[in-house]
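Going letter by letter, the sequence shown gives residues 1 to 108 in full-length UniProt numbering.
Inspection log for the structure reproduced underneath, given as structure tokens.
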Amino acid sequence: MLLLSHIFVIQRLAINNSAEKLIKFEIMITFTINTEDKKAEKALKAILKALKLDYEIHDKKEAKTQTRPLNKKEKQIFKSLKGSLIDIKRWEKGEIEFKNAKDFLNEL
């Protein structure tokens with residue numbers, strides 16, 4: 001994956017109807033190119049270098065979502081959700097019965 005960026009724009013700004021000032025703006029444009037063809041990648045890099053454009057290369061392996069360990073509260077929530085999912089699957093199989101919503105709310 002190649003990422004291209006940085007295009008500079010120079011704009012003339014009129015000051016007091018007589019003088020002009022040049023202002024340089026940096027506009028960030030990103031192109032993403034996905035290729036597994038090593039020859040194409042090499043050719044693209046040569047073109048970018050010839051045009052003096054900045055680029056970055058990212059492997060698919062690096063692009064995978066990074067995970068972190070769950071904290072204590074997140075582990076509790078996960079355990080509760082997992083237990084609820086197990087109960088729903090048991091209910092679908094007819095192994096357990098749930099209270100209806102009216103009875104549940106009356107208990108509150």
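Quick reminder that beta carbons are idealized off the backbone N, C-alpha and C, glycines included.
Local conformation of residue i per DSSP, three classes
i    : result
I33  : strand
A40  : helix
F104 : helix
I96  : coil
L48  : helix
Where the beta strand (DSSP E) through residue i begins and ends
i   : result
I88 : No beta strand (DSSP E) holds I88; the alpha helix (DSSP H) holding it covers K72 to E92.
D54 : D54 to I57
Spatially closest choice to residue i from the options, by CA coordinates
i   : options                : result
T32 : A46, Y55, A50 and A101 : Y55
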